[in-house]
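See structure below.
And the structure:
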């Protein structure tokens with residue numbers, strides 16, 4: 003490449019300068035290695051021109067040693083080719099950059115830095131691939147091409163760049179040239195960068211304006227045309243040729259198909275010499291000309307013309323039909339009465355003035371337009387409706403016309419009745435007596451507002467015509483490139499099944515599938531004569547599209563072969579601008595990978611459902627095993643005690659153990675019933691009940707269950723309907739909800755039980771399966787606890803699902819409530835969020851019968867048993883037993899009595915706490931872990947608060963190793979798993995007493 007520099011930009015290294023013997027003050031050399039020549043010019047060191055801000059930045063980095071640490075090395079080591087090229091870049095006012103080496107190290111000027119924005123100055127010395135990551139692929143290609151010796155140019159190249167914190171569409175003109183090193187090989191690439199974003203955006207805006215004004219052009223009532231001159235060899239105007247006309251041209255003149263024809267051809271009866279003389283003056287001047295023409299070929303009509311030269315021997319003309327004005331003026335000369343009659347009939351404003359120029363009459367149309375009373379415009383009143391900016395000009399023109407007794411003609415804006423202003427052309431002529439004296443003035447005001455707007459718009463359109471044409475051609479080429487380069491097969495056919503267009507992707511696909519390579523003009527049915535089955539399929543699909551149908555289908559060429567390509571085919575009709583169907587098109591997308599992924603997803607979902615099913619079965623099995631272990635303990639323990647009593651001959655009280663075994667069996671039946679409740683198979687006794695009465699009767703029990711730190715509120719609807727359900731199951735459900743709420747409010751809180759009458763319509767009922775529209779009694783139980791996350795809510799009704807530690811909850815409460823609600827033909831719903839508490843909504847169907855009376859709740863009181871007189875233990879040693887299973891309470895109580903210990907037996911923590919807080923002697927606490935309400939560990943912690951050394955023995959229906967996991971047992975605590983042999987229990991009791 004050839005490079006030239008001027009003396010002001012030539013880089014001159016210091017060590018090559020002559021005159022080393024010059025005085026230090028003459029050279030002005032400073033400590034950075036730079037010297038000055040006068041005040042006007044500075045020649046920097048390192049062989050580089052000043053280069054503006056970037057020149058100073060490059061030298062500053064050299065001074066700081068940054069270039070020495072850069073792969074390019076210190077400036078002194080740079081090849082002369084790099085320095086020369088950089089000198090050109092820095093001296094150029096055009097944005098330019100060097101991309102040096104295979105990495106494309108960026109060295110640029112101030113213009114390029116402005117394009118880089120906040121990327122500068124960090125991108126100085128960076129790889130172009132790093133500095134512009136959004137355009138890395140593009141820059142990589144041009145860099146490799148340039149280093150291979152190629153020059154490239156791109157016009158309006160589109161990029162999506164990160165600017166001002168957001169992705170922004172940007173366009174550039176780019177020119178790339180290789181830079182040769184000393185050996186003549188390309189060592190870098192020089193880029194000239196011109197951003198065209200604003201130009202393209204402006205062009206798009208202009209196109210929108212063009213479309214808007216084109217519509218106005220077609221709708222305007224004034225005639226308009228553009229014409230070009232036809233001259234002889236000497237330049238004399240012989241004729242004109244019409245280049246463009248609007249619809250009003252034909253309406254006003256009656257001339258058809260004027261475009262492309264001459265004045266002589268369109269208007270053969272016109273005085274062409276007179277008309278051409280007017281047009282010749284227009285073409286010769288630079289100002290707009292106005293004149294009148296009479297055209298006998300257009301029905302003896304008068305036209306007022308306004309014309310202006312456009313350049314290149316063309317002109318534009320706007321004209322209105324003034325035949326009516328002419329006729330009115332002629333008729334008015336005959337009679338004042340006829341004048342006024344005719345003036346009222348014309349579509350324009352008409353007016354008259356006396357010989358002195360005083361306005362004395364306006365037609366009705368003028369007053370209607372201005373919205374003033376007749377007579378208000380007489381004298382100087384007409385000036386009051388003229389726009390203030392136009393009034394002086396209008397008045398001056400009127401005075402001049404009176405002085406010269408000539409045509410009065412001026413444009414001004416008149417205020418309409420609604421306050422809006424519109425442009426009017428005012429024209430008036432004097433009526434003269436034979437001696438030339440002015441008798442009166444007759445004038446009209448013609449609305450030209452639309453005409454002026456259209457004229458301005460047309461001037462703008464003409465000024466941008468070439469640019470719009472170029473842009474339209476560019477857009478067509480762009481769409482053609484996109485159509486050809488896209489990887490999606492696209493094709494279009496005409497109604498005869500012949501290809502109108504098809505891209506390379508469709509050609510390749512068609513040849514691969516059918517063994518024939520198609521081209522534009524081929525008949526698709528003829529190409530497939532050798533494949534009748536495929537021919538029939540394509541005929542059917544294309545026929546649907548040619549009939550106007552838009553549809554999409556999936557096509558797999560060989561579905562029996564795994565991995566065979568599959569395509570999503572979309573067909574649609576092709577219509578012209580009038581809506582007439584001209585063909586059909588198809589485009590295809592390769593969805594092979596998508597279909598394979600969908601199949602894999604379906605398989606994975608099936609496996610997940612199976613895994614979830616097995617998890618639910620395992621959870622259900624574990625839960626059932628836990629509760630039945632408790633029951634088996636009661637049964638086996640009672641039977642063992644019976645055996646021991648019989649063996650020792652002590653038959654007294656043996657019935658108690660038999661009763662305990664029976665109660666345990668009944669509890670087993672209860673668990674079965676709860677499982678049936680969840681599965682909606684339990685045996686219910688639905689009756690009409692008063693829900694409010696049951697909630698009131700339960701208040702005392704709920705208060706004791708919740709404890710003093712939780713405030714219980716009831717908000718019972720006064721006119722609550724009766725509900726149809728099993729009363730016992732309802733009370734059990736509410737109690738379960740209260741216990742769950744208490745566990746969610748460890749630090750205390752508020753529990754609200756609310757009842758309502760609710761009517762569900764079709765939309766409400768449709769949201770839940772098996773729920774029918776109708777009346778329901780709703781019970782809302784709301785706590786202020788920790789709330790539940792979404793994943794917990796989704797599993798809350800699963801059987802044996804619990805968030806409590808192992809052994810502290812069965813997970814059957816909510817599942818039983820769910821089953822009870824569904825079996826009662828009702829519904830239950832949860833509303834909760836972490837930190838926002840939980841509301842459980844229980845809906846029960848309304849009963850039309852009267853409710854029965856609620857049965858009171860009963861509690862089992864504590865039992866105190868003395869030790870046996872012949873036992874080994876001391877009778878004053880006391881054991882507190884907390885167990886909700888009656889048979890196990892009986893078993894443990896009798897065992898303790900047999901061992902000689904005094905036993906205090908209660909059924910839950912609520913009964914145990916007052917005893918633990920009293921002065922009563924307690925040597926050992928034996929408690930079940932999974933108690934209703936407060937669990938066994940909580941009971942033990944409350945007991946140890948006042949009795950720190952109290953030994954504790956836990957009983958659990960879970961496996962022992964699982965229950966002790968996670969530090970469940972504290973020092974001085976032990977555990978035994980149910981069912982247990984009595985000898986093992988006796989050993990645990992003795993060990994606990996030994997620690998007492």
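In our numbering, the protein residues as written are 3 to 998.
Using N, Cα and C, we set each Cβ at its ideal position, and we do this for glycine too.
Every alpha helix (DSSP H) of 4 residues or more that sits fully in the stretch 115-160 is shown, in chain order, as 130-133, 138-149. Pairing residue 219 with residue 244 gives a Cβ-Cβ distance that is not under 7 Å. Annotation for residue 574: the continuous beta strand (DSSP E) segment containing it runs 568-577. If you look at residue 927, you'll find it in the beta strand (DSSP E) that goes 926-930. For the pair of segments examined, the stretch 384-399 was found not to touch the stretch 269-277: the number of CB pairs separated by less than 8 Å stays below three.
Under the three-state reduction of DSSP, residue 531 is assigned to coil, being neither helix nor strand. Taking residue 373 as the centre and dropping the five residues before and after it, the same chain places the C-beta of 419 closer than 6 Å to its C-beta, in chain order.
Taking the Cα of residue 767 as reference, the smallest distance to any Cα among 759, 906, 758, 778 is reached at 778. Within the model, the alpha-carbon separation for residue 239 versus residue 246 is close to 19 Å. Residue 997: member of the alpha helix (DSSP H) spanning 984-997, first to last residue. Under the 8 Å Cβ criterion, the stretch 837-844 counts as touching the stretch 781-796, having at least three qualifying pairs.
Distance from the CA atom of residue 64 to the CA atom of residue 145, rounded to whole angstroms, is 26 Å.
Residue 436: not part of any beta strand (DSSP E); DSSP gives it neither H nor E. Boundaries of the alpha helix (DSSP H) around residue 390: 390-406.
Remark: C-beta atoms of residue 590 and residue 610 do not approach each other more closely than 7 Å. Comparing C-alpha distances from residue 970 to each of 996, 938, 990 shows the shortest one belongs to 938.
In this structure, residue 325 lies near residue 304, with their beta-carbon atoms less than 7 Å apart.
The beta carbons of residue 284 and residue 263 sit about 20 Å from each other, so the pair does not count as a contact at 8 Å. In terms of CA proximity to residue 628, 933 leads the group 942, 933, 994, 172.
For residue 493, the enclosing beta strand (DSSP E) starts and ends at 492-495. Going by DSSP, residue 841 is part of no alpha helix (DSSP H) but of the beta strand (DSSP E) stretching over 840-847. One thing to note: residue 312 has its Cβ no nearer than 7 Å to the Cβ of residue 457. With distances taken between CA atoms, residue 881 lies nearest to 914 out of 889, 914, 888.
In the three-state DSSP reduction, residue 328 falls in the helix class (H, G or I). The beta-bridge partner set that DSSP reports for residue 294 consists of 306.
Contact between residue 84 and residue 190 holds: CB atoms are separated by about 7 Å, below the 8 Å threshold. Residue 586 sits close to residue 544, with the two beta carbons spaced by under 7 Å. Taking residue 521 as reference, the option from 536, 504, 322 with the minimal CA-CA separation is 504. Sequence-distant partners of residue 542 (beyond 5 residues in either direction) whose C-beta falls short of 6 Å from its own C-beta are missing from its chain. The stretch 428-447 makes contact with the stretch 406-418; the number of CB pairs closer than 8 Å reaches 3 or more.
Residue 889 sits away from residue 649, with the two beta carbons spaced by 7 Å or more. Here residue 436 is exposed. Its C-beta has fewer than 16 other C-beta atoms within 10 Å. If only complete runs of 3 or more residues are kept, the stretch 498-547 shows the beta strand (DSSP E) at 501-504, in order along the chain. The Cβ atoms of residue 178 and residue 225 lie no closer than 7 Å to each other.
Around the CB of residue 62, fewer than 16 other CB atoms lie within 10 Å, so the residue is classed as exposed.
DSSP, reduced to helix, strand and coil, places residue 903 outside both helices and strands of the structure shown, so it counts as coil.
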